[in-house]
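For the sequence shown, this note's numbering assigns the number 282 to the last residue and increments by one with no breaks.
Just so you know, even glycine gets a beta-carbon here, dropped at the ideal spot from N, CA and C.
Keep in mind the model is a prediction, meaning the values are calculated, not measured.
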Amino acid sequence: MKIKTFIVDAFTDKLFKGNPAAVCILKQPVNEENMIQIAKEFGFSESAFVIQKGPSDFSIRYFSPVTEIPLCGHATIASAKVLFSEYQHLNNITFQTQFGHTLELNNNIDQIEMVFPVHKTQKSLFPDDLKEAIGIKNIINCEYNEDHNILMVEIESSKELQDLTPDFAVLKQIKTPISGVLVTATSLKTDYDFEYRYFWPWSGSNEDPVTGGVQSFLCKYWSLKLDKKILRAFQCSERTGSMEVELRGDKTIIRSNAVIFLTGEIDQLTDESM
Numbered sequence: 009m010k011i012k013t014f015i016v017d018a019f020t021d022k023l024f025k026g027n028p029a030a031v032c033i034l035k036q037p038v039n040e041e042n043m044i045q046i047a048k049e050f051g052f053s054e055s056a057f058v059i060q061k062g063p064s065d066f067s068i069r070y071f072s073p074v075t076e077i078p079l080c081g082h083a084t085i086a087s088a089k090v091l092f093s094e095y096q097h098l099n100n101i102t103f104q105t106q107f108g109h110t111l112e113l114n115n116n117i118d119q120i121e122m123v124f125p126v127h128k129t130q131k132s133l134f135p136d137d138l139k140e141a142i143g144i145k146n147i148i149n150c151e152y153n154e155d156h157n158i159l160m161v162e163i164e165s166s167k168e169l170q171d172l173t174p175d176f177a178v179l180k181q182i183k184t185p186i187s188g189v190l191v192t193a194t195s196l197k198t199d200y201d202f203e204y205r206y207f208w209p210w211s212g213s214n215e216d217p218v219t220g221g222v223q224s225f226l227c228k229y230w231s232l233k234l235d236k237k238i239l240r241a242f243q244c245s246e247r248t249g250s251m252e253v254e255l256r257g258d259k260t261i262i263r264s265n266a267v268i269f270l271t272g273e274i275d276q277l278t279d280e281s282m
């Protein structure tokens, strides 16, 4: 069976920036083991697997090279970029995730708009071993999001955030039930409101270049803290990426773009392996 496949740089309008994702357009389902193997072969933090269910309705699943991920922003916007390019008559599509999320996406003139849920966080302690291995000196706040199984840590300075050099060898040895640690701070840049980085060596790569799914709780956190409904977010990873986010009732609106880098086919998947 041949699978049409794309590599897309998400949350950017420039090649080699943002967060690369693989997008596989399936004509029929394949088993989870194969999806993990394909994701491992690509080596990106996430690969998306999309099947059309109706004229503008699609199912979507996300896999890191290690495991299935409940919700992924950059693989969602990458998939939307592909579908809006392949089905040029569509301006609106809906994704249904494996974990029950219904995601609406709109194709605007120079941006793709994603409608995500709003997820809650609760106060949490930040373990000293994680703090030391990541290299954080002082924290302002720590909260836990159950939907993504992520600890969110606010620190004092975006300069400190940018300069963090976690010891990933030590982090990988720490026994923790969480999927990752998101570190965030108010931005010193005039064009942005807040910045963040995401470390997840236990369930994906060491650091995710640009993370969109976390805006389901991060947008609300900063919206309430800064008393703003519309904010500009910057991920100060090595590749960098940015997006506009808006808290609209029980919905998180994420606006950004993506660039298709490569189009090809997977042609060695046999029917017996599906």
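Listed as beta-bridge partners of residue 131 by DSSP are 151. Taking 3 residues as the minimum length, the beta strand (DSSP E) runs contained wholly in the segment 237 to 263 are 238 to 243 and 249 to 256, in order along the chain.
Judged by DSSP secondary structure, residue 274 falls outside any alpha helix (DSSP H) and instead within the beta strand (DSSP E) spanning 266 to 274. For residue 143, same chain residues with a beta-carbon under 7 Å away, outside a window of 5 residues either side, are 172, 173 and 174 in chain order. Residue 219 counts as buried, since no fewer than 16 other beta carbons sit within 10 angstroms of its beta carbon.
Under the criterion of beta carbons closer than 8 Å, residue 176 and residue 203 do not qualify as touching, at roughly 20 Å. Inclusion of residue 79 and residue 221 in the CB contact set at 8 Å is warranted, their separation being smaller than that value. Per DSSP, residue 188 lies in no alpha helix (DSSP H) segment; the continuous beta strand (DSSP E) that holds it begins and ends at 188 to 194. Under DSSP, the beta-bridge partners assigned to residue 16 are 29 and 268. Taking C-beta separations shorter than 7 Å and ignoring five residues to either side along the sequence, the partners of residue 141 in its chain run 174, 175, 178, 179 and 182, following chain order.
Straight across, the Cα-Cα distance linking residue 194 with residue 126 is about 20 Å.
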